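All remarks here apply to the structure that follows.
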Amino acid sequence: MRKIKICVAVTLIAAIAIGIYTTMVSAVNVSWDFEDGKLPSWTAIYDNANMFIESEDDGNKYLKLSYNGKANRDRKYYDVKVTDVNSKGILQADYDIMYSNTDTEKDGEIQFKNRRGPGSTETTMVSRIGKHKGYFRMHNESGTLVAIKDLNNKTLEIEEGHWYSVKVVVDLDNGKQSVLMFDRDTKELLSYSEYSATISGNKNVNMITFSSGTDMCLDNVRIYNTSCEKGYIYGSPYISSATKNKYYLLGQSSDGSFTAMPEGETSWTLETPRAGVSVDSGTARIIVGSQPEPGPVILKAEKTTKDGTISERYIVNVSK
173 MRKIKICVAV
183 TLIAAIAIGI
193 YTTMVSAVNV
203 SWDFEDGKLP
213 SWTAIYDNAN
223 MFIESEDDGN
233 KYLKLSYNGK
243 ANRDRKYYDV
253 KVTDVNSKGI
263 LQADYDIMYS
273 NTDTEKDGEI
283 QFKNRRGPGS
293 TETTMVSRIG
303 KHKGYFRMHN
313 ESGTLVAIKD
323 LNNKTLEIEE
333 GHWYSVKVVV
343 DLDNGKQSVL
353 MFDRDTKELL
363 SYSEYSATIS
373 GNKNVNMITF
383 SSGTDMCLDN
393 VRIYNTSCEK
403 GYIYGSPYIS
413 SATKNKYYLL
423 GQSSDGSFTA
433 MPEGETSWTL
443 ETPRAGVSVD
453 SGTARIIVGS
463 QPEPGPVILK
473 AEKTTKDGTI
483 SERYIVNVSK
């Protein structure tokens, strides 16, 4: 009888521990820039990753991950746990990434996982962003990898040896994700995938890993909870149908960092009408007639969401 009581007590304690693990949610804000030359306290889950600090010609230090050849259950890749989190709401990961090999298949990913209890290796993938045969891919709602498109709606190709700045925003409550991708050096916006469906809505994320079978270089890694506080108009005037660039309304958090806008439609208008000048409401294409009234005009963007309206204004100069 005494043994039975002990077993029940242990079971109850385990159940309580798992309950606490899955219900207690905390904020997260961690970052690494590797400039101190020290390896981060990240964990190679299967002891099959090499980690090195390397330097660029200008002295900038970054982290290089590589597979050391130790297969785990015939899986010839590594999983490096960045940090233990237990987060809901909106979770964002910013990082710079460079690949030395892009022709392999499912490789070079950041993974947002839901782990099924303390110490458990059983996980459900909530979201992931990576590469697949030289192109960027992300999870969709069915769990398959889909192409990340560039601003011209073509699949975004990866250039080997080139640094990219990636911002992944996962809305855990609504099962949505957004991806912003920039050229690290020029700051040019390369991809703008907003509020796409991902798998496993309404789950916690309690593990974030980088996974690959080939070299992956990382810099300026930051993982944190975020929310969109205001809008930010990015881009060059979209003057005619022959011009490829146009304006984008991006989100900014309270500290001014880029983040994802809430779901909603963006409309573009001129705040004050101007003779010979108009703007396409859906695309932000500025249309200038043969005899425009010259001078600055104010372009206004508004996005109406379930939480309210986010707007921003930008001055455009019109000349004859």
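Counting in the numbering used here, the sequence shown runs from 173 upward without gaps.
Glycine residues also receive a C-beta, built at the ideal position from the N, C-alpha and C atoms.
This structure is a prediction, so every number in the text was calculated from the model and none was measured.
> CA-CA distance, Ile395 and Leu442?
Replying inline: 37 Å
> According to DSSP, is Val252 helix, strand or coil?
Replying inline: strand
> Which whole-angstrom value is the C-beta distance of Ala432 and Ser350, which I expect to be below 8 Å?
Replying inline: 3 Å
> How many Å lie between Val460 and Met270 at the Cα?
Replying inline: 41 Å
>> Measuring straight from C-alpha to C-alpha, what distance separates Ser227 and Thr398?
In response: 31 Å
>> Please report the distance separating the alpha-carbon of Asp205 from that of Tyr336.
In response: 15 Å
> Taking all protein chains shown into account, do 16 or more other C-beta atoms lie within 10 angstroms of the C-beta of Gly302, making it buried, or fewer, making it exposed?
Replying inline: buried
>> For Glu366, list the residues DSSP reports as bridge partners.
In response: Beta-bridge pairing links Glu366 to no other residue.
> Expressed to the nearest angstrom, what Euclidean distance is found between the alpha-carbon atoms of Lys242 and Met388?
Replying inline: 17 Å
>> Counting C-beta neighbours from all protein chains within 10 Å, is the total for Thr195 16 or more, i.e. buried, or is it exposed?
In response: Annotation note: pLDDT 48 at Thr195 (below 50); position unreliable, no value reported.
>> Can you tell me whether Tyr420 is helix, strand or coil according to DSSP?
In response: strand
> To the nearest whole angstrom, what separates the beta carbons of Val488 and Leu471, a pair I think is in contact under 8 Å?
Replying inline: 5 Å
>> Residues in the same chain with beta-carbon distance under 7 Å from Glu366, minus the five sequence neighbours each way, listed in chain order, please.
In response: Ser350, Ala432 and Met433
> Run through DSSP, which three-state label would Asp208 get?
Replying inline: coil
> According to DSSP, what are the bridge partners of Pro468?
Replying inline: Asn489
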